[in-house]
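**Q** Sending over a structure as structure tokens; questions will come in a sec.
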Ligand code: DGJ
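In the working numbering, the protein residues as written are 28 to 715.
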């Protein structure tokens, strides 16, 4: 066979594959600068493009199948390669087949050159006459030369989302995986940064970001084998999720996205953000409103007069949308805490005797939109729903139904359950047509993963099929209510992935709203998510000064989640001034290009900026965190180096500081805040 080279280029990101004499597919290169790459050695020397169990006995496989005859090894050889255009680039389908078994494996590569982004996934098809078992099938498994390679990843559980870890990969395999199925991103948002030579900084070095477009558990296995042979195998968590492929069944893995940069980490985030806004997030290029939520303000203690007072104060501080969180429903079992009522979505008349409408009317009259909290995938055993349909939950026959937060997970694989969940939303919206925003929450993991919708020998399909059924449910809701804005929440940031975000406009980043922790959380989240979806509310967590809380929230999707009635006049003024500031800068925060300036990870200072596409405006945020010592006061603004600085003005917009006059910028630097930490500065830089 003549050597065949397949070049797949998406701007700075690409992969070059080649077929060896024996038909195996190898990877000649992955990353940047690959145009025109040809083999320097016999193709068979290069790493396999998609390693299978049995092919490289000492290495991690990307694919493992038990064939119909019981054989467990798979050897893939090249069958065909076709390329088609799509609106933004090309789609390459490279078809491989096993040397013996009737199994096809297609590698799909969709290019998005406008975003330097490569989307990749795999489809496995059983074209034989007998069922086979698919144990593992990764979405992507590129090889890299790992000399001092470093991997950055995030996670930390509830209230610890987006804690950042960077580690040097040692010989062996480092596996990162999420678990629980419903809120996997609490533990591990599905994104990593890979710096093969370990040298990448924000502004320099070779680095790739990889995210799995998946709302269920994810698995990242970073392998360093002998002679620094590295490979990153990324896919859905396959443990407990074997697939049985009947004749003609095709399994499509979740998709992975890669962005590669030779100029450091910054460009990978900017590309991902633009892609997310323009191609993923609903209404991702629109400006989003300022939300005032009730959860941290009043919890379950709702009454008409108290809520109306909160609405009035929300209007007074300049919020644009009033969100009524948990606690408003449960006619048969009043929801005074989290022990009852999920599933019974009638208004709790003991709290709101005339229903929601008076509050909605009051809110609209005050000039705000109205939003409502729901948790449609869940049920409390103490509910009328559970009494009527105890078989509607995810459970295993003869096993205890373990509760978490006193609730069970509805089994949306059952068609009538999925219809019920969609109807929950439709009924609430039909009864209250003025609701224009929903917060969709999900507050427990899956235990005993069984479904009556799956045959006994297909129970292991649940982890994957439940994600897809939940996405179908979200799709139904989004399609039926195109004008209703949706916030994605799962005990905080449990669903921080670019798959689920396709049906949502923003997400609740973390229940941890202590602004000191939030500096690090929002820093971490910025490696995947554009700030337009990173909800950041001013609360009382951590009991920090309100101006500092406002300064931190201003760098995300600004909002409030605190008792606005009980605020001191001084703090209320700071909140109102901050909301006004946000209206001036939110086009930059929500739609601008992010430049991370100083990492708060392992340090006591963090800073970042958002810049308009034309470079004429930027907003800069700088935070000094507790224990920070006075020291170097210079905060460099690298994108301004070499520019005509006298063409720019700078204005201090720091919450709580008397407004300062506009002054010429004069230098490509600013000063860190003078005040004792926690302290912040917010500046607006504008071309004159
Ligand atoms: C968990 C969410 O993260 C919170 O913001 C709040 O909505 C509660 N659930 C309500 O139960």
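Glycine included, C-beta positions come from ideal geometry on N, C-alpha and C.
Taking residue 257 as part of the beta strand (DSSP E), name the residues at either end of that continuous run.
**A** As a first step, residue 257 must be located in the chain shown, where it is residue number 230. Looking at the DSSP string, the run of the beta strand (DSSP E) that includes residue 257 is 256-263.
**Q** Does the distance between the C-beta of residue 276 and the nearest non-hydrogen atom of the ligand DGJ fall short of 6 Å?
**A** One-based indexing of the chain shown puts residue 276 at position 249. Answer for residue 276: no, Cβ out of range of the ligand DGJ.
**Q** In chain order, what residues of the same chain have a beta carbon less than 7 Å from the beta carbon of residue 28, not counting five sequence neighbours either side?
**A** The residue given as residue 28 occupies position 1 in the chain shown. Low per-residue confidence applies at residue 28: pLDDT is 42, beneath 50, and the placement is therefore not dependable, though the value from the model is reported in the following sentence. So the list reads 46, 48 and 50, once near-sequence residues are dropped.
**Q** Just list the beta strand (DSSP E) runs in the stretch 383-423, keeping only unbroken ones of 3 residues or longer that don't cross its boundaries, in chain order.
**A** 396-401
**Q** Any chance you could list the residues with Cβ under 6 Å from a heavy atom of the ligand DGJ, keeping chain order?
**A** 322, 352, 353, 400, 468, 470, 516, 518, 519, 535 and 538
**Q** Quick test of your reading: residue 520 and residue 541, contact by CB under 8 Å. State the CB separation rounded to the nearest angstrom.
**A** Within the chain shown, residue 520 is the residue found at index 493, counting from 1. Within the chain shown, residue 541 is the residue found at index 514, counting from 1. That belief does not hold up - the Cβ atoms of residue 520 and residue 541 are roughly 14 Å apart, past 8 Å.
**Q** For residue 119, does the three-state DSSP call read helix, strand or coil?
**A** Locating residue 119 in the chain shown gives position 92, counting from the first residue. Correct three-state label for residue 119: strand.
**Q** On the DSSP letters alone, give me the boundaries of the beta strand (DSSP E) that residue 576 sits inside.
**A** Along the chain shown, one-based indexing puts residue 576 at 549. Note, residue 576: premise wrong, no beta strand (DSSP E); alpha helix (DSSP H) at 573-580.
**Q** Just mark residue 677 as buried or exposed, buried being the case when its beta carbon has 16 or more other beta carbons within 10 Å.
**A** For the purposes of this step, residue 677 is taken as residue 650 along the chain shown, with counting starting at 1. With 16 or more Cβ atoms within 10 Å of its Cβ, residue 677 is classed as buried.
**Q** For residue 554, which residues does DSSP report across the bridge?
**A** As a working mapping, residue 554 is identified with position 527 in the chain shown. Per DSSP, none; premise fails for residue 554.
**Q** Flag this pair as yes or no: are the beta carbons of residue 348 and residue 318 separated by less than 7 Å?
**A** Residue numbering aside, residue 348 sits at position 321 when the chain shown is read from its first letter. Residue numbering aside, residue 318 sits at position 291 when the chain shown is read from its first letter. Going by C-beta atoms, residue 348 is nearer than 7 Å to residue 318.
**Q** Let me make sure I understand the geometry here. Which of 177, 113 and 242 has the alpha-carbon closest to that of residue 498?
**A** One-based indexing of the chain shown puts residue 498 at position 471. Comparing Cα positions, the closest option is 242.
**Q** Can you list, in chain order, the residues of its chain whose CB lies under 6 Å from that of residue 118, leaving out five sequence neighbours each side?
**A** Here the question's residue 118 lines up with position 91 in the chain shown. Contacts found: 111 and 137.
**Q** According to DSSP, simplified to helix, strand and coil, what is residue 730?
**A** Residue numbering for the chain in the displayed model covers 28 to 715; residue 730 lies beyond these limits and cannot be assessed.
**Q** Using alpha carbons as the reference points, say which of 608, 592 and 646 lies closest to residue 615.
**A** Here residue 615 corresponds to residue number 588 of the chain shown, with the count starting at 1. Taking only the C-alpha atoms, the option nearest residue 615 is 646.
**Q** Looking only at its chain, what residues have a beta carbon closer than 8 Å to the beta carbon of residue 474, apart from the 5 residues adjacent to it on each side?
**A** Translated into positions along the chain shown, residue 474 becomes position 447. Closer than 8 Å at the Cβ level, and outside the excluded window around residue 474, lie 429 and 431.
**Q** Measuring only the C-alpha atoms, how far is residue 291 from residue 145?
**A** Numbered from 1 along the chain shown, position 264 holds the residue referred to as residue 291. Numbered from 1 along the chain shown, position 118 holds the residue referred to as residue 145. The straight-line gap from Cα to Cα measures roughly 18 Å.
**Q** When you compare the stretch 596-603 with the stretch 650-670, are there three or more beta-carbon pairs, one atom per stretch, that lie closer than 8 Å?
**A** no
**Q** DSSP on residue 355, reduced to helix/strand/coil?
**A** Start at 1 with the first residue of the chain shown, and residue 355 comes out as number 328. Three-state DSSP puts residue 355 in coil, outside helix and strand.
**Q** State yes or no: is the C-beta of residue 252 within less than 7 Å of the C-beta of residue 86?
**A** Here the question's residue 252 lines up with position 225 in the chain shown. Here the question's residue 86 lines up with position 59 in the chain shown. Contact: yes.
**Q** Which residues share a DSSP beta bridge with residue 271?
**A** Position 244 of the chain shown holds residue 271. According to DSSP, which records beta bridges pairwise, residue 271 is partnered with 160.
**Q** Quick one: Cα of residue 206 to Cα of residue 286, how far?
**A** Residue numbering aside, residue 206 sits at position 179 when the chain shown is read from its first letter. Residue numbering aside, residue 286 sits at position 259 when the chain shown is read from its first letter. Computed Cα separation, rounded: 25 Å.
**Q** Output the distance between the C-alpha atoms of residue 208 and residue 263, rounded to the nearest integer angstrom.
**A** Residue mapping note: residue 208 aligns to position 181 of the chain shown, counting from 1. Residue mapping note: residue 263 aligns to position 236 of the chain shown, counting from 1. Near 10 Å, if we compare the C-alpha coordinates of residue 263 and residue 208.
**Q** Mark residue 92 as exposed unless 16 or more other C-beta atoms lie within 10 angstroms of its C-beta, in which case mark it buried.
**A** One-based indexing of the chain shown puts residue 92 at position 65. When all chains shown are included, residue 92 counts as buried.
**Q** So which of 234, 626 and 511 has the shortest CA-CA distance to residue 648?
**A** Here residue 648 corresponds to residue number 621 of the chain shown, with the count starting at 1. Checked all of 234, 626 and 511; the closest Cα to residue 648 is 626.
**Q** What does the Cβ neighbour count give for residue 198, buried or exposed, with the cut at 16 atoms within 10 Å?
**A** One-based indexing of the chain shown puts residue 198 at position 171. Exposed, since its Cβ has fewer than 16 Cβ neighbours within 10 Å.
**Q** I'd like the list of long-range same chain contacts for residue 167, defined as Cβ closer than 6 Å, with 5 residues on each side in sequence excluded.
**A** For the purposes of this step, residue 167 is taken as the residue at position 140 of the chain shown. So the list reads 147, 261 and 283, once near-sequence residues are dropped.
**Q** If you follow the beta strand (DSSP E) that residue 300 is in, where does it begin and where does it stop?
**A** Indexing the chain shown from 1 puts residue 300 at position 273. Premise fails: residue 300 lies in the alpha helix (DSSP H), 292-302, not in any beta strand (DSSP E).
**Q** May I ask which residues mark the beginning and end of the alpha helix (DSSP H) holding residue 189?
**A** Reading the chain shown from its first residue, position 162 is the one you call residue 189. That residue, residue 189, is in no alpha helix (DSSP H); it is neither H nor E in DSSP.
**Q** With a threshold of 6 Å on Cβ separation, who are the neighbours of residue 58 within its own chain once the five nearest residues in sequence on each side are excluded?
**A** For the purposes of this step, residue 58 is identified with residue 31 of the chain shown, where counting begins at 1. 287.
**Q** Just verifying my parser: in three-state terms, what is the DSSP assignment at residue 28?
**A** As a working mapping, residue 28 is identified with position 1 in the chain shown. Reliability of the predicted coordinates at residue 28 is poor, the pLDDT of 42 falling under 50, and no value is obtained from them.
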